[in-house]
Amino acid sequence: MSWMILTFAGLFEIGWAVGLKYTAGFTRLLPSILTVISMAASVGLLGVALRALPLGTAYAVWTGIGTVGTAFCGILLFAEPASAARLGCMALIVAGIIGLKLLTPH
């Protein structure tokens, strides 16, 4: 259950990172509200997951999900480059996330 909670925390991490782009420097009300809610949900769920998961593993997975997901959203939503090197680096992060999950006893 902790891994599922951590996954949702990572998804909210993506939500607030992408949401920042839509807030226009927190000058747009609705995107700003949704971004702040997503920030709170992300950190809150991370805190819940930390009850059962090791700090280093949980934090690395949380930021990894956020990093890869945000980069992927940048490609899809904002026409950021999708070079082979960039995608390869994202794949390495995913491999690290999977490795941490497999090596953690919870």
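Counting from 1, position 42 in the sequence shown corresponds to residue 42 in our numbering; the numbering is continuous, with no gaps. Glycine included, every Cβ here is placed at the ideal spot set by N, Cα and C.
Taking the beta carbon of residue i as the centre, do at least 16 other beta carbons fall within 10 Å, making it buried, or is it exposed?
i   : result
A85 : exposed
S38 : buried
T57 : buried
L77 : exposed
S42 : buried
Hey, how far is the Cα of residue i from the Cα of residue j?
i    : j    : result
L103 : V94  : 14 Å
G44  : L11  : 12 Å
A49  : A79  : 33 Å
L55  : A91  : 23 Å
T35  : T63  : 17 Å
L53  : S2   : 7 Å
G19  : L87  : 22 Å
I97  : K21  : 25 Å
A60  : R28  : 31 Å
T67  : C89  : 11 Å
A82  : I65  : 18 Å
L46  : K101 : 15 Å
M4   : P105 : 15 Å
F8   : S32  : 20 Å
Where do the N-terminal and C-terminal ends of the alpha helix (DSSP H) with residue i fall, by residue?
i   : result
G19 : S2 to T23
L86 : At residue 86 the sequence reads Arg, which differs from the Leu that was named. First-last of the alpha helix (DSSP H) with R86: A84 to L103.
F78 : L55 to F78
L45 : L29 to A49
Comparing alpha-carbon positions, which option in the options lies nearest residue i?
i   : options               : result
C73 : T57, A60, E13 and W62 : E13
G69 : W16, K101 and F26     : W16
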